[in-house]
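Report on one structure; see the data block that follows.
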Amino acid sequence: MSSTLSPVPPATVPAGLSRLLRDARALLGRDQHAAGLILERATRLLEPQPPRPAPLLPAPLLPAAVPGGLAGWQVARLTRHVEAGLGGPLLLKELAGVARLSTGHFARAFKQSFGITAHAYVMQQRMARAKRLMLETEAPLCQIALLCGMADQPHFSRVFRRLEGSTPMAWRRRQRATRG
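Quick note on my numbering: the sequence shown kicks off at 3 and runs consecutively.
Dropping the structure here:
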């Protein structure tokens, strides 16, 4: 019996999985804890997905009813794409491609449907993921920053403070004290 693995057809691999695995391999020799967190994320992408709770920023129920907004299929594809890609860069041009629109039309339609710009939405989703990681793991803030697609910990701290009103460390301590 052969021990070689057969390749998985690309259409069945969730978006971003190969990037996660490359990142984990790169970190394995330097930071096993961060590599482990990334591998946990990759494993979750491969497991059957239970019904998901509503996102922190719910998509409009009837996006087609909003004049000039995105269609329902575009909203669904974009929210899935953003969630899968939070660990890396998410450019406006890329998001517009997912929605199959020009960048200008996409930017207007996105704001019409979500009430905020695409960049603001991505940053809010990054901070929501960071909060989950801060509550569910013991990972250092520098690793959480990288797992959430931030350039580094100082960038993460500046954005977190601007959106949440406190530093990530202060927020984490406060949350742990109230759950304690």
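Glycine included, each C-beta is placed from N, C-alpha and C at the ideal position.
- Within the segment 114-153, the complete alpha helix (DSSP H) runs of at least 4 residues fall at 120-138, 143-149.
- For the 8 Å CB-CB criterion, Gly70 and Gln114 form a contact.
- With a threshold of 16 other beta carbon atoms within 10 Å, Ala26 meets it and is buried.
- The Cβ-Cβ distance between Leu165 and Met125 falls below 8 Å.
- Taking a 10 Å sphere around the C-beta of Pro91, we find fewer than 16 other C-beta atoms and assign the residue as exposed.
- Around the beta carbon of Ala36, 16 or more other beta carbons lie within 10 angstroms, which makes this residue buried.
- Scanning Ala101, Ala132, Val77, Arg82 for the CA closest to the CA of Leu39 turns up Ala132.
- Contact between Val84 and Gln127 holds: CB atoms are separated by about 6 Å, below the 8 Å threshold.
- Cβ-Cβ separation between Ser104 and Ala111: approximately 10 Å, too far for a contact (criterion under 8 Å).
- Listed in chain order, the non-local C-beta contacts of Lys95 below 7 Å within the same chain comprise Thr105, local neighbours out to five positions each way being set aside.
- By the Cβ-count criterion, Arg43 is buried, with 16 or more other Cβ atoms from all chains shown falling within 10 Å of its own Cβ.
- DSSP, reduced to helix, strand and coil, places Pro91 outside both helices and strands of the structure shown, so it counts as coil.
- In its chain, beyond the 5 residues on either side, Ala98, Ala101 have a beta carbon closer than 6 Å to the beta carbon of Phe108.
- 8 Å or more divides the Cβ of Gly151 from the Cβ of Leu80.
- Rounded to whole angstroms, the Cβ separation of Leu149 and Leu135 is 6 Å, and the two are in contact under 8 Å.
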